[in-house]
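A.B. asks: Take the working numbering: the last position of the sequence shown gets the number 307, and nothing is skipped along the way. Positions of the beta carbon are idealized from the N, C-alpha and C atoms, including for glycine. Just so you know, these numbers come straight off a predicted model, no measurement behind them.
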Amino acid sequence: MSDSPPAALVDGLSSRWSRAVIRVLSIRGIIWLALALALLTTLLACLQAWRWQRDRQRTMFQADAKVLRNALLERLGLYAQVLQGSRGLFAASEEVNAAEFHADMASLNLGENYPGIFGLGYIEMVKNGQRDLFLQKVAADRSLSRDPLQIWPTGERSDYMVVRFVEPLATNRVALGYDIGSEPVRRLGAIESADSGLPTLTPRIELLQGTGKSGALLFQPLYSQTIGAASPEDRENRLSGWVYAAFFVERMMAGVRGPGNKWLEYEIFDGTEPSAEKLLCSSKGAGGSLA
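1. State the beta-bridge partners of Ile93 as determined by DSSP.
2. Can you tell me where the alpha helix (DSSP H) with Glu140 in it begins and where it stops?
3. So what's Leu192 in DSSP terms, helix, strand or just coil?
4. Given a cut-off of 8 Å, decide if Phe263 and Ala133 are closer than it, judged by their beta-carbon atoms.
5. Mapping the DSSP letters down to three states, classify Gly231 as helix, strand or coil.
6. Taking its Cβ as the centre, do 16 or more other Cβ atoms sit within 10 Å of Ala206, making it buried, or is it exposed?
7. State the DSSP-derived secondary structure class of Arg220, mapped to helix, strand or coil.
8. If Ile167 and Gly193 are in contact, beta carbons under 8 Å, what's the gap, nearest whole angstrom?
9. Quick check on DSSP: helix, strand or coil for Ala302?
10. Assuming Arg180 and Val201 make a contact with CB atoms under 8 Å, what is their CB distance in whole Å?
11. With burial defined as no fewer than 16 other Cβ atoms inside 10 Å of the residue's Cβ, what is the status of Ser230: buried or exposed?
12. Whose CA, out of Leu217, Trp66, Pro184, Gln225, lies closest to the CA of Leu92?
Encoded structure:
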């Protein structure tokens, strides 16, 4: 009698074990499939949440950037308004003296009403051959006790664009007598303003005080009489000078940002191509200055 189990019993056991293994594998497959589906669902939900957050942040950034841009333009418009208002002083007087200019600028309360402006001044156009007459006229102005004005840099030039008045004097004294026409960037800004009759902003310049910060000058031309829609040639012939605002870009932006967008980081460049040489200011601390 054989000790081996009957073949039928072996086949039966094999069949049951096979079905059991298949059943176990099927259950495991379902579990893994369910787990994979759950992970995929979680991944898709996270991806959707990330996209929503990204879009929300992008929308917030664009909105805050627009607010910042509009506030910056509004601040520059405010500077232009104060210059246009200052034209009335010169229109109402045949010859404005230092005391009159000082009183008019003091009435503006620059620090409170026009944040960011470092100084307001008057530049007189001194044409070829009129330098000595100009210096005599300035020396005769005894309305305020001040040192005699000297044109600098020294040297003979075809014309001179001389800073005759500037306020507040305590922080802008170094600019008195400066011929802005001796420096190409300032000269170009002044000429463009004179030719157009409109307020004109210079590119980035360095402050005469030597702070090393970025800034700009905003020019408003003055003419010897109202010229209306005159040609650039007429404006040039009747040009008497400019009133101008000098401002630190960094100080101007500090007043522009406001509490609502302090989280927004920005960099402002002079022109369309960003570079270290054209950086006007940055929310991280790069500064501005002018002259």
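C.D. replies: The structure says:
1. Residue 93 sits at position 77 when you count from the first residue of the sequence shown. Residue identity check: residue 93 is Gly in the sequence provided, not Ile. Looking at the DSSP output, Gly93 sits in no beta bridge, so it has no partner there.
2. By 1-based counting over the sequence shown, the position of residue 140 is 124. Element bounds for Glu140: not the alpha helix (DSSP H) but the beta strand (DSSP E), 133-142.
3. Counting from one through the sequence shown, the residue named residue 192 turns up at place 176. The answer is coil: DSSP assigns Leu192 none of H, G, I, E or B.
4. For this step, residue 133 is matched to residue 117 along the sequence shown. For this step, residue 263 is matched to residue 247 along the sequence shown. Here residue 133 turns out to be Ile, not Ala, going by the sequence shown. In this structure, Phe263 lies closer than 8 Å to Ile133 by Cβ.
5. Position 215 of the sequence shown holds residue 231. It is a strand residue.
6. As a working mapping, residue 206 is identified with position 190 in the sequence shown. A buried status is given to Ala206, since no fewer than 16 other beta-carbon atoms sit within 10 Å of its beta-carbon.
7. By 1-based counting over the sequence shown, the position of residue 220 is 204. If DSSP states are grouped into helix, strand and coil, Arg220 belongs with coil.
8. As a first step, residue 167 is located in the sequence shown; it is residue number 151 there, counting from the start. As a first step, residue 193 is located in the sequence shown; it is residue number 177 there, counting from the start. Yes, Ile167 and Gly193 are in contact; Cβ-Cβ is about 5 Å, under 8 Å.
9. Along the sequence shown, one-based indexing puts residue 302 at 286. Low confidence applies here, because Ala302 scores a pLDDT of 43, under 50, leaving its location unreliable and the question unanswered by this model.
10. On the sequence shown, position 164 is the one that residue 180 refers to. On the sequence shown, position 185 is the one that residue 201 refers to. So it is not a contact: roughly 20 Å between Cβ atoms.
11. For the purposes of this step, residue 230 is taken as the residue at position 214 of the sequence shown. By the 10 Å Cβ count, Ser230 comes out buried.
12. By 1-based counting over the sequence shown, the position of residue 92 is 76. Taking Leu92 as reference, the option from Leu217, Trp66, Pro184, Gln225 with the minimal CA-CA separation is Leu217.
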